[in-house]
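There are 2 protein chains.
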Amino acid sequence: MVANTLKLKQRRSRERRERIVAAATRLFGRRGIAQTSLTEVAKLAGVPLPSLYDYFKDKQDLVAAVPEDNYLALYERLTAVANGKQGPRQQLRATFLANLEYIRDNPDWGRVFFLEIWPSAAVGQARIRKAVDRYGLHYVELIRRAVAAGEYTRDLDPYLGMSLLMGSLCHLTAVWLLYRKPYELVDRGTAMFDLTEVSFLRRS
Amino acid sequence: MVANTLKLKQRRSRERRERIVAAATRLFGRRGIAQTSLTEVAKLAGVPLPSLYDYFKDKQDLVAAVPEDNYLALYERLTAVANGKQGPRQQLRATFLANLEYIRDNPDWGRVFFLEIWPSAAVGQARIRKAVDRYGLHYVELIRRAVAAGEYTRDLDPYLGMSLLMGSLCHLTAVWLLYRKPYELVDRGTAMFDLTEVSFLRRS
DNA sequence: GACAATTTTCGAAGAATATTCGAATTTAAT
DNA sequence: ATTAAATTCGAATATTCTTCGAAAATTGTC
Numbered sequence: 008m009v010a011n012t013l014k015l016k017q018r019r020s021r022e023r024r025e026r027i028v029a030a031a032t033r034l035f036g037r038r039g040i041a042q043t044s045l046t047e048v049a050k051l052a053g054v055p056l057p058s059l060y061d062y063f064k065d066k067q068d069l070v071a072a073v074p075e076d077n078y079l080a081l082y083e084r085l086t087a088v089a090n091g092k093q094g095p096r097q098q099l100r101a102t103f104l105a106n107l108e109y110i111r112d113n114p115d116w117g118r119v120f121f122l123e124i125w126p127s128a129a130v131g132q133a134r135i136r137k138a139v140d141r142y143g144l145h146y147v148e149l150i151r152r153a154v155a156a157g158e159y160t161r162d163l164d165p166y167l168g169m170s171l172l173m174g175s176l177c178h179l180t181a182v183w184l185l186y187r188k189p190y191e192l193v194d195r196g197t198a199m200f201d202l203t204e205v206s207f208l209r210r211s
Numbered sequence: 008m009v010a011n012t013l014k015l016k017q018r019r020s021r022e023r024r025e026r027i028v029a030a031a032t033r034l035f036g037r038r039g040i041a042q043t044s045l046t047e048v049a050k051l052a053g054v055p056l057p058s059l060y061d062y063f064k065d066k067q068d069l070v071a072a073v074p075e076d077n078y079l080a081l082y083e084r085l086t087a088v089a090n091g092k093q094g095p096r097q098q099l100r101a102t103f104l105a106n107l108e109y110i111r112d113n114p115d116w117g118r119v120f121f122l123e124i125w126p127s128a129a130v131g132q133a134r135i136r137k138a139v140d141r142y143g144l145h146y147v148e149l150i151r152r153a154v155a156a157g158e159y160t161r162d163l164d165p166y167l168g169m170s171l172l173m174g175s176l177c178h179l180t181a182v183w184l185l186y187r188k189p190y191e192l193v194d195r196g197t198a199m200f201d202l203t204e205v206s207f208l209r210r211s
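Protein chains in written order, with the numbering used here: chain A, 8 to 211; chain B, 8 to 211.
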């Protein structure tokens, strides 16, 4: 247990940091980043305002911490799900749907990531971009394998396929979040994946 | 000529407003909204800071004006292009590509709209949402007609089809803008449209 | 063309928010 | 027990957004 071997002081400090990120996720996710002041974040986290700066360089840095703190859990879930399936095609499908499930279960995080971070200038920062790239490359790799296995047509450009899937994912999520969840995200995502995949398949 | 019949004072006022929006489009588009201060906008527009408030309620209001000032030109272009084609399928394709051309030719606007406005909380404002909805419905309508004409399969849900196209469009544009235009937008958009459309077609 | 009414402009001040500084406190190490 | 190190946070500063109202410019009227 890492947490237990940490010195008392360090552990407390870490818990504090986590409380701040949790508060930020919630507030940024509900009201948007621009509409949330650090004063509010500090209040919800139960720490004095200047203490935020003991953990984060500035507001932007706190914003970046929100998705970062979720990547680990997300990737674990995605790989766990994918490993349970056989064949790249099934793995791709399972990954896509697990991704939507994660968003459904963590809408605040989803909103910060898909609506505020990923599209915004934040991606210009190397730190965030790296994570986003990794995210996309995971899909590229699965598509590539499905092509190699002969499940998808040889004509398929894996990057184009990835753009299609990521684009659908983002758009679906954005509409779901912005229009107050007018449909069941995973169900609709399933329909969308199956529709998209038609164009990936080998012409018989 | 509306502009010429306007009283001198009103005309100057309108030109001023246009200069402000132009400055805002440029700065918001290059640095992002959060990283751009109104002081900078005012300076680039050549007006004193408080004068911004003679035209816009607050910063958010100025942000909203950026896409609004472009809709007219965009819609004109889209409908002109679509009307030159026959059959809903060709019209849809032409619309999609003309849309990409407009983005390519107005990247600052594209960035403000696709990266800052559309995904952000701003869509929560009725005024902006209305415009966005209209945008999407245009695609829905064209798809619907293509289905009715028997060009697309009857199984196709027009809304799902729209999500797919809009998702692709957004993602393609976002990557193009954020990764410093690594490909020719319209060419890649063409490949993407054709790939997506495979899943719309009637199974023979 | 002079005068009043109206609209437009913008300097000065205020409010909200982000950020820094460093001294006080707490914990860890010797 | 004493020193060193890390952590916390009150007080002060900097930046940015926003308001107010008086000055200036324009328009309408006689």
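Glycine included, C-beta positions come from ideal geometry on N, C-alpha and C.
| Asked | Found |
| --- | --- |
| Beta-carbon neighbours of B:E260, restricted to chain A and to distances below 8 Å | Given a span of 8 to 211 for chain B in the structure shown, any question on residue 260 of chain B remains unanswerable. |
| C-beta neighbour in chain B for A:G39, strict 8 Å | yes |
| Helix, strand or coil at B:Y109 according to DSSP, with G and I counted as helix | helix |
| Short CB-CB distance (under 8 Å) between B:H145 and chain A | no |
| Spatially closest choice to B:L149 from B:K92, B:G53, B:R19, B:A41, by CA coordinates | B:K92 |
| Beta-carbon proximity list for B:E158, same chain, < 8 Å, skipping 5 on both sides | G94, P95, R96, L208, R209 |
| Span separating the alpha-carbon of B:L179 from that of B:E204 | 16 Å |
| Residues of its chain near A:K66, where Cβ-Cβ distance is below 7 Å and the 5 sequence neighbours each way are ignored | L45 |
| Nearest candidate by alpha-carbon position, reference B:L122, set B:D164, B:C177, B:E75 | B:C177 |
| CB contact check: A:T203 to chain B, cutoff 8 Å | yes |
| One or two residues paired with A:Y159 in a DSSP bridge | A:L208 |
| Candidates A:F103, A:D140, A:P189: closest to A:S175 by CA position | A:F103 |
| Every unbroken alpha helix (DSSP H) inside the stretch 55 to 137 of chain A [4 residues or more] | 59 to 62, 66 to 90, 95 to 112, 114 to 117 |
| Proximity to B:M169 [Cα-Cα], best of B:V119, B:R118, B:R100 | B:R100 |
| Whole-number beta carbon distance between B:F120 and B:V70, since they are thought to touch under 8 Å | About 10 Å separates the two Cβ atoms, so there is no contact after all. |
| Residue-chain proximity (B:A31, chain A), Cβ-Cβ < 8 Å | no |
| Where B:M8 falls, given that 16 or more other Cβ within 10 Å makes a residue buried | Confidence in B:M8 is poor, its pLDDT being 32 and thus under 50, which makes the residue's placement unreliable; the coordinate value appears in the next sentence. B:M8 is exposed by the Cβ-count criterion. |
| Three-way DSSP call (helix, strand, coil) for B:Y190 in this model | coil |
| Listed by chain order, chain B residues near A:L69 by CB distance under 9 Å | Here the premise fails: no neighbours, minimum Cβ distance about 13 Å. |
| Within 8 Å of chain B by C-beta, residues of the stretch 170 to 184 of chain A in sequence order | S170, L171, M173, G174, S175, L176, C177, H178, L179, A181, V182 |
| Beta-carbon proximity check, A:L184 vs A:P114, cutoff 8 Å | yes |
| Bounding residues of the alpha helix (DSSP H) (the contiguous stretch that carries B:Q17) | 15 to 38 |
| 7 Å Cβ cut-off: residues of chain B touching A:S44 | What A:S44 touches in chain B: nothing, since even the nearest Cβ is about 13 Å away. |
| For B:A52, the first and last residue of its enclosing alpha helix (DSSP H) | 45 to 52 |
| Local Cβ density within 10 Å of B:R187, reported as buried at 16 or more and exposed below that | exposed |
| Beta-carbon contacts of A:N165 that lie in its chain and below 6 Å, excluding the five residues immediately before and after | For clarity, residue 165 of chain A is Pro in the given sequence; the question names Asn instead. So the list reads V147, I150, R151, once near-sequence residues are dropped. |
| 8 Å contact criterion, which B:A52 and B:A72 should meet: CB distance rounded | With a Cβ gap of about 13 Å, B:A52 and B:A72 do not count as contacting. |
| Chain B within 8 Å of A:L167, Cβ atoms only | yes |
| Backbone secondary structure at B:M8 - three-state DSSP | Residue placement at B:M8 is flagged as unreliable, the pLDDT there being 32, under the threshold of 50; the coordinate-derived value follows with that caveat. Reduced to three states, the DSSP call for B:M8 is coil. |
| Rounded straight-line distance, which links the Cα of A:K64 to that of A:L171 | 36 Å |
| From B:W125, B:V88, B:R26, residue whose alpha carbon lies closest to that of A:A181 | B:W125 |
| Closest residue to A:L81 among A:Q98, A:P55, A:D201, A:W116 (Cα-Cα distance) | A:W116 |
| Buried/exposed call for B:L15, threshold 16 Cβ in 10 Å | exposed |
| Local conformation of A:A41 per DSSP, three classes | coil |
| Test: A:L206 CB closer than 8 Å to a CB of chain B | Residue identity check: residue 206 of chain A is Ser in the sequence provided, not Leu. So, interface residue. |
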